[in-house]
Each structure stands twice: as C-alpha cells, then as structure tokens.
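Residue numbers (UniProt numbering): 1 to 316.
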C-alpha cells in the first residue's frame, strides 16, 4: 500500500538514514515534483525533527537553505518535506578519490563561510559542521552549496533581548568528534567561533585527504573522544597546515583568537581565501574537481565504439 504523507506526497524509496530516522524520495501527487522526506517516529526518546522544521522556517529565503514544503505529524511520525538536493561534499570527496584540489576547496570555502554566517545572523549555531551536512544543489542550482541538518542547532542569542548565551563549562560533546573545535572537546559551551573552527578542519580534511586524529582506536566512545581531543590539542596549527598555503594556518589562528561572544569577521576570512584564489590565477568558473571527472566520464562513454547491429546477429 502506497503511503501519502502531508496529504500530497507519495513516498518512494529510502535514500538515507541518520540518528533521527530515515530519508525517502517522494513525489507530489499533482505536480509530480520530486522531494526529500525526513521521517522520525514521534515516540522516539529525543524527537528533533519538528525542532529542525522550526529552524528551517526561521532560515527560509536564505541562499543555500533548502525550501521546506511541509512539516507536521503524520500518523505516528514526525515528517519534514524538503527540496531534493544533490550529493554531499563527503560523497563528492569520495568520488574524487578522497582529495580536492586547492581551487575546489577555495570555491567551496567562499560559499560555506557565507552559509555559516547566514545561520549565525539568524541567532543560531549549527554545531555539527561536517562534509556530510553540506550538499550541492540540482539542475540550475548544481553549483550552489546548501547547508543542512539543524537537529543540533542552538540559539546563541536571545530572540528578544539579543543577549549572548552565558559562558559555561562541563558541557558534553555535541556534534562530530573529528571536526569538533578544541574548546568543544574541553567542555566549553559552543559559540560562533566553534562553527568556524570546525569548518577549518573540514577544509583541511579536503586538502590533506585526512586529519591526524582519524582512525584512532579505543575501547569505548568516551576513550576515543579523549584520544581525538589529545591528538587535536597536541597538533600545532603549523603542523596541521604544513605544505598548504599559509592562509589556512591564518584562518585557524584567527578562529582560536576569537573570544567566546565575539562576532567573527566573516568578510576577513572570505577575503583571505579570495585573495589566495586570485594570486593562484584561478578563475571562479564553478568547475569543481567532480565537474571535470563527470565530463571525462561522459566523453569516455561517448567515444566507446558501438557494435554495429549486424555483428550482434548470429550467423546462420
């Protein structure tokens, strides 16, 4: 029996899952528009989907923010219907052999900083900046970077008074350990600086191919987090950024220089990378590494000789 959610979206195949539940393709029964549907059982221990829907509503209209089509309770499930987007930067990183060129990283950095800046401008922290939470668009929007997954987002500024949340310690790690900021590992309340530091680790992951604290083995999750923390805190920025343009070290040092409630200078960080981009002689043409690979594959497929029909026929 086909399931219709929100009264008008016919559920299709499952395309992903996460801590919250599952993601499906769905088709609008009248317009045939294909969308993405996130479904979470409303009786789950920590429901977060309707909170995430609230966040998407607040962020609507921003560049690189998926459009929300519908959200609400459907039977026993919380449901969120969103724009269907393309692959994540993690998917594309794997597709490109787990390395991105400097040009691709710089073109992505520009958009990723802008997305984080926009989320911050609405009074929220993302708190789970990682390659899986940035998706490319589809069709005419294939060159646009989208930021997704606001299940861990938190207001850092009071909506009425505009006051910043207070500094606190002894907080549990929220987000993904690999990209978590040093202060997050140390149990300090997250603020705007931490989203940007996490982005710095993402950009270095793209450039280097991996981070020094990947693949550490431990008996428990807590011990693994402690090992990652130890390695991260003991790796100097200069070592982390060795053999890469100095701008990446400058970016990380800048993030570390920010105080808890300080507003980051997003423009300064974008200029840092934009100036490097120009100095390298690159052209901002949206030709990413995966664009080239896809083009080469299409060319290869086109140039493969096709067997003439007659040669496929059996000789009588």
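Don't be surprised by glycine CBs; every beta carbon is placed ideally from N, CA and C.
Please read all numbers here as calculations on a predicted model, not as lab measurements.
- Pairing residue 260 with residue 178, the inter-Cα distance amounts to about 21 Å.
- Judged by pairs of C-beta atoms under 8 Å, the segment 229–246 touches the segment 200–213, as three or more such pairs exist.
- Under the three-state reduction of DSSP, residue 274 is assigned to helix.
- Judged by DSSP secondary structure, residue 248 falls within the alpha helix (DSSP H) whose first and last residues are 246–257.
- Taking residue 157 as the centre and dropping the five residues before and after it, the same chain places the C-beta of 123, 163, 164 and 165 closer than 8 Å to its C-beta, in chain order.
- Apart from the 5 residues on each side of it in sequence, residue 137 sits with its Cβ closer than 7 Å to the Cβ of 85, 86, 144 and 146 in its chain, given in chain order.
- If the five residues before and after residue 174 are omitted, its C-beta is found closer than 6 Å to the C-beta atoms of 127 and 152, all from its own chain and listed in chain order.
- With respect to residue 150, residue 56 sits close: the two C-beta atoms are nearer than 8 Å.
- As DSSP reads the structure, residue 136 sits in a beta bridge with 145.
- Between residue 31 and residue 12, the beta carbon gap of about 15 Å keeps them out of contact (Cβ cut-off 8 Å).
- For residue 290, the three-state secondary structure derived from DSSP is helix.
- In terms of Cβ geometry, residue 115 and residue 64 form a close pair [threshold 8 Å].
- For residue 188, no alpha helix (DSSP H) encloses it, and the DSSP letter there is neither H nor E.
- Sequence-distant Cβ neighbours of residue 77 in its own chain, meaning closer than 7 Å and more than five residues away, are 39, 40, 41 and 42.
- Between the segment 266–276 and the segment 211–229, the count of C-beta pairs closer than 8 Å stays below three; the two stretches do not touch.
- If the five residues before and after residue 89 are omitted, its C-beta is found closer than 6 Å to the C-beta atoms of 131 and 134, all from its own chain and listed in chain order.
- Excluding residues up to 5 positions away in sequence, 28, 29 and 30 lie with their Cβ nearer than 7 Å to the Cβ of residue 8 in the same chain.
- Rounded to the nearest whole angstrom, the CA to CA distance from residue 201 to residue 100 is 14 Å.
- Within the model, the alpha-carbon separation for residue 291 versus residue 97 is close to 14 Å.
- Looking from the CA of residue 213, the closest CA among 233, 82 and 251 belongs to 233.
- Residue environment: residue 235 is assigned as exposed (fewer than 16 neighbouring CB atoms within 10 Å of its CB, all protein chains considered).
- Annotation: residue 27 is outside any alpha helix (DSSP H); the continuous beta strand (DSSP E) that includes it extends over 22–28.
- Here DSSP, grouped into helix, strand and coil, assigns residue 172 to coil.
- Straight-line measurement puts the Cα of residue 92 at about 23 Å from the Cα of residue 302.
- DSSP places residue 53 in no beta strand (DSSP E) but in the uninterrupted alpha helix (DSSP H) bounded by 49–59.
- Secondary structure of residue 116 (DSSP, three-state): helix.
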